[in-house]
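J.: I am attaching a structure below and will ask some questions about it afterwards.
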Amino acid sequence: MVLIFFFLSLQKCGFSELYSWQRQRKAKQEFCLHDGPPYANGDPHVGHALNKILKDITNRFHVMRGYKVHYVPGWDCHGLPIELKALSEVKGAENLSPMEIRQRARAFAEKAIEKQKSAFIRWGVMADWANCYLTFDPKYEANQLRVFYKMYDKGLIYQDYKPVFWSPSTKTALAEAELEYNEQHISRSVYMKFLLLKSPPKLSSVIDGSSPASVLVWTTQPWTVPANQAVCYMPDSAYSIVKCATTGQHFILAADRVESTAAVLDTQFEVISSCKGADLADGSCAHPTIPGKVSPLLPANHVTMTKGTGLVHTAPAHGMEDYSVASHHQLPTDCLVDERGHFTEAAGPELKNKNVLEEGNEAVIKMLQAAGSLLKEEKYVHSYPYDWRTKKPMIIRASKQWFVNTADVKAAAQDALKKVKVIPTSAVNRMLEMLDRRTFWCISRQRCWGVPIPVFYQKSTGESLINSETISDVIKIVEQQGTDAWWTLPVEQLLSKEAVAKAGGHDVLDYVKGQDVLDIWFDSGTSWAHVLEGAEQRADTYLEGKDQLGGWFQSSLLTSVAVRKKAPFKTLVVHGFTLGEKGEKMSKSIGNVVDPDVVINGGEDHTKDPPYGADVLRWWVAESNVFTEVMIGPVVLNAARDDINKLRNTLRFMLGNVEGFNPETDSVPPAEMYIVDQYMLHLLQEYGSKVTEAYKQYDYSKVVRLLQAFCSKNLSNFYFSMIKDRLYCEEAKDPKRRSCQTVLAEALDIVVRSFAPILPHLAEEVFRYIPYKKDSEGVFRTGWINASTAWKKPGIEEAIEGACAMRESFLGSISGKNSLEYEVIIVIEPGLLFELMEALQAEETSSVSQLNELMMASQTTLLSEFPKETPADANIVKGTFLINLEGGDICEQSAYKVIARPIAKAKCPRCRRYTAESSSTPCPRCLQVIAAGKGST
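In full-length UniProt numbering, the protein residues as written are 1 to 937.
Structure, rendered in structure tokens:
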């Protein structure tokens, strides 16, 4: 029943047709916000709410401003996160065929998409929900392969054998963006010795053969020792040859690490001699676990002195820097670890099939101990990469993969990024630094739920085959059948004879299809090629969480710059993550997880989890400083609900008091208005300008602050209290009453439009209740704030603010008492301030003047001299007011005195002011209104 009511409400508001309506209208400008695709792998959460609502606020603002908005929601449908969840409850998942896995993954993704989509609609997100983009759509996949080939053709995609981050738990390579770092990971670190076989020539006089020496090495990954090919030193650093006080052995290590290493080994080192790292050149050591194997001493700039011994164990198959050293010195890069993270047969019978992070590590440590190479083992707590989905440790493992050569693209990408507007500005430096550190991007994955890398391999040589003919054939098939065809069709239907002949081959059957799929960051990172329209194919805005600085923002930038030499976005908006209201991460075990569905509809127990509605969720997003971490919880949501209720009270007052008013026939021109009414138009114009600018800067929390301040300070606390007498006691059509009704109508319109992008449901509800707008098309189809520049009158502020300063003096002198029980005498020496007050009250004494309305008294007297007779019970307050006109050209400080004394007249039974001759007879003003037969008795 609730859902039926909700959808009927949406239809009433016209939300479901709004996107298509604005796409069909004529507009001079277009605004494109490209939706970063969320993963189709679970239920909608508050992170989704934060992101989607921010985007919707942005889009609704631009619709109201007259732009034709282009916003196509999308989903990232491939990849490991979906595959793992789809197979999590399947027994014998490891025995499923690739197509069975793909079918299950697709079904899971489709189900998640529908669940997320219905939530996004419930949150009021405006879009054409029947036409979203999905990364498993055949046309999307075909466009992705076109981008892949363009990059390959430019030499920016290549295949190589090198170490990459490898997840044993999922048996695939991962990119850095798919890693999480566990700051409390515990490794079994070891100090070990490599016996010198050949002394460095420059140290031969110091190290004689009678006393054998060893180099001291420290590592946190003992399992990599069997793959050791060298020991590296820093050429420019100082090294020491020491003698161990406990064993008498001689060791070589960095001079800066002598004391700390001796302390760890619980001994003392006597420094025998010192040398430069470069003096270690041409030396070599015995491998600590493999008899007869030699490990040369080699220079390397990645060696640091902050921890360890200043000498680094080098296993090219298991370290990026190690691999660079090996490439430079032509060392072997053989990998002794398989895709499961187990030692291969080549590692030897003692290690074969052992898990390198568990029993394999233990076995290597025992081998070091047996060989007499182990000096110390200890637990070491440090930051270590984990698979972002399985939450299990990674390893670095050399394998044959496909890479994007980011080293050749990043300079152009950085230049392109510097031309992009980034909000907040601090985020651009973080992204530039990330790009700077990225020398390559591994884009191949050893899974089957994804877009295949469209490469064929020669059976006997393993040589890859990809050219314009092969890719053209594959793209045609994918466009019609989707990428399932890669697994369902035989190679002869995917690869043509002409393509094989062009490559110098003879028979199509000599080739097999590649089994790798593309990284999902490449999937989503090429979305610009499918979604963005026009010749430029460039979005005005990408808006995502800060994790996308190294994810979608970066992959989109790299692919676009590689293919087109330009960024796919003009503006990047980066928001923070959601946390519990105390700043802690959300966790089911803590019990602080906030479900947006429960926020809107309430939980099982409404006393514990009340239904707040979609607008409270949207208000929470808008009022938060989204450029840092965003807190949410019961206290935050209750405050948001209270804020909206206060706003509703302000709106209710305005709605009630424009009843019977028609702006077309009853409006009063600004020049004929009360000065306080003109002042309010001035404030409205200023408010409209500030709000518009805040929206343009994506600073929605500032919009909320401006809205709250205007409604509370300027409307409720000031203007409403001023005009109640005019609204309730003047004749219905009196120009004085129409004057403030004109302002209320303008204020209602401007205020509602100003919060409409944030609270669309409330805005449309208000518009339906405005008497003269009942046939209106609604707030979103009738434009943005229309505050005339003619309302701006800076000089008018001095008159009103001067009167308000005197009112504060008056109210302060009668603290806590009813101001209507008093009359006020204002004494100002002749000058600018007196002239301004005279504009508010021409006669000396009045109970109906504009000045008296502002003073909130029953009667006000304006004098230029202090009265000769002042009652003893009068309160006298002195003050000054600085008048500043024409930008400071006219400046005058004026003194004033405010005399408050109890009024002698009786309380009018109609208007409640003390202006009547007797308490049973209305005051002259009220009698006049009643006599006309048009006022309320």
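Note that the Cβ used here is the ideal one computed from N, Cα and C, for glycine as well.
To the nearest angstrom, how far is it from the Cα of Val703 to the Cα of Trp449?
T.: Taking the straight line from one Cα to the other gives about 44 Å.
J.: Is it buried or exposed for Pro38, if we count other Cβ within 10 angstroms and need 16 for buried?
T.: Buried, since its Cβ has 16 or more Cβ neighbours within 10 Å.
J.: Does the region 492-511 come close enough to the region 529-543 that 3 or more CB-CB pairs lie under 8 Å?
T.: Counting Cβ pairs under 8 Å, fewer than three are found: no touch.
J.: Taking the continuous beta strand (DSSP E) assigned at residue 996, which residues delimit it?
T.: No information on residue 996 is available, as it lies outside the stretch 1 to 937 that the chain covers here.
J.: Looking only at its own chain, which residues have a Cβ that is under 7 Å from the Cβ of Glu30, when we skip the five neighbours before and after it?
T.: Cβ within range, chain order: Tyr67, Lys68 and His70.
J.: Of all the options Thr742, Cys926 and Thr172, which has the alpha carbon lying nearest to the alpha carbon of Arg445?
T.: Residue Thr172 is the option with its Cα nearest to Arg445.
J.: What residues are listed by DSSP as bridge partners for Asn875?
T.: Answer by DSSP bridge pairing, in chain order: Ala900.
J.: Can you name the residues that DSSP bridges to Glu270?
T.: Paired residues: Lys243.
J.: Could you tell me how far apart the beta carbons of Phe720 and Phe653 are, in whole angstroms, since I believe they sit closer than 8 Å?
T.: Right, the Cβ-Cβ distance comes to about 6 Å (below 8 Å), so this counts as a contact.
J.: Which ranges does the beta strand (DSSP E) cover as unbroken runs of at least 3 residues, wholly within the region 493-536, from first to last along the chain?
T.: Those beta strand (DSSP E) runs which fall completely within the region 493-536 and span 3+ residues are 511-513.
J.: Counting C-beta neighbours from all protein chains within 10 Å, is the total for Gly935 16 or more, i.e. buried, or is it exposed?
T.: Summary for Gly935: the model assigns pLDDT 46, below 50, so the residue's position carries little reliability, and this model does not support an answer.
J.: Helix, strand or coil for Ser9? Go by DSSP, reduced to three states.
T.: Unreliable placement is indicated for Ser9, whose pLDDT of 49 sits below 50; no coordinate value is reported for it.
J.: Could you tell me the alpha carbon to alpha carbon distance between Pro794 and Ala747, rounded to whole angstroms?
T.: Each residue's alpha carbon lies about 19 Å from the other.
J.: Is it true that the CB of Gln268 sits closer than 9 Å to the CB of Ala245?
T.: Contact: yes.
J.: How big is the Cα-Cα spacing for Phe710 and Ser20?
T.: Using only the alpha carbons, I get a separation of about 34 Å.
J.: Within a Cβ cutoff of 8 Å, which residues of the same chain sit near Ser776, ignoring the five residues on either side of it in sequence?
T.: Closer than 8 Å at Cβ, skipping near neighbours: Phe767, Ile770 and Thr782.
J.: Going straight from the alpha carbon of Lys585 to that of Val626, what length do you get?
T.: If you take the alpha carbons of Lys585 and Val626, they lie about 16 Å apart.
J.: Taking Leu885 as the reference, give the member of Lys878, Gly812, Ala799 and Ser847 with the closest Cα.
T.: Checking every option, the nearest Cα to that of Leu885 belongs to Ala799.
J.: Within the same chain, show all residues whose beta-carbon is closer than 8 Å to that of Asp236, passing over the 5 residues directly before and after it, in chain order.
T.: These residues qualify, in order along the chain: Lys276, Gly277 and Ala278.
J.: I'd like the span of the beta strand (DSSP E) that includes His34, first residue to last.
T.: Looking at the DSSP string, the run of the beta strand (DSSP E) that includes His34 is Glu30 to His34.
J.: Can you tell me whether Phe15 is helix, strand or coil according to DSSP?
T.: Correct three-state label for Phe15: helix.
J.: On the three-state DSSP scale, how would you describe Val231?
T.: Val231: strand per DSSP, three-state reduction.
J.: What would DSSP say about Val2, mapped onto helix, strand or coil?
T.: In this prediction, Val2 scores a pLDDT of 38, lower than 50, which makes its location untrustworthy; no coordinate-derived value is stated.
J.: What are the uninterrupted segments assigned as alpha helix (DSSP H) that are 4 or more residues long and contained completely in the region 404-452, given in chain order?
T.: Those alpha helix (DSSP H) runs which fall completely within the region 404-452 and span 4+ residues are 410-418 and 426-437.
J.: Please report how far the alpha carbon of residue 941 lies from the alpha carbon of Pro611, in whole angstroms.
T.: Any question about residue 941 goes unanswered here, given that the chain covers just 1 to 937.
J.: If you drop the 5 nearest sequence neighbours on each side, which residues of the same chain put their C-beta closer than 6 Å to that of Val72?
T.: For Val72, where only same-chain residues beyond five positions count, the Cβ hits under 6 Å are Tyr133 and Val531.
J.: What are the boundary residues of the alpha helix (DSSP H) that includes Pro596?
T.: Note, Pro596: alpha helix (DSSP H), Pro596 to Asn601.
J.: Where are the alpha helix (DSSP H) runs, 4 residues long or more, that stay fully inside the region 718-761, in chain order?
T.: The region 718-761 contains these whole alpha helix (DSSP H) runs: 721-729 and 735-755.
J.: Roughly how many angstroms separate the alpha carbons of Ala839 and Phe577, rounded to a whole number?
T.: Spanning the two alpha carbons is a distance of roughly 55 Å.
J.: Have a look at Lys26, Asp35 and Ser16 and flag the residue whose alpha-carbon is nearest the alpha-carbon of Phe569.
T.: Measuring from the Cα of Phe569, the nearest candidate turns out to be Asp35.
J.: Are Thr304 and Gln229 touching if we call contact CB-CB under 9 Å?
T.: Taking 9 Å as the Cβ cut-off, Thr304 and Gln229 do not qualify as a contacting pair.
J.: DSSP three-state call for Val626: helix, strand or coil?
T.: Correct three-state label for Val626: coil.
J.: Ignore the nearest five residues each way along the sequence and tell me which others in Gly534's own chain have a CB closer than 6 Å to its CB.
T.: If we look at Gly534 and ignore the five residues flanking it on each side, it has no Cβ neighbours.
J.: What residues are listed by DSSP as bridge partners for Asn182?
T.: According to DSSP, which records beta bridges pairwise, Asn182 is partnered with Tyr384.
J.: Could you give the distance in angstroms between the alpha-carbon of Leu145 and the alpha-carbon of Ile477?
T.: Looking at the two C-alpha atoms, the distance is approximately 12 Å.
J.: Starting from Ser214, follow the beta strand (DSSP E) in both directions and report where the run begins and ends.
T.: From DSSP, the beta strand (DSSP E) with Ser214 extends over Ala213 to Thr219.
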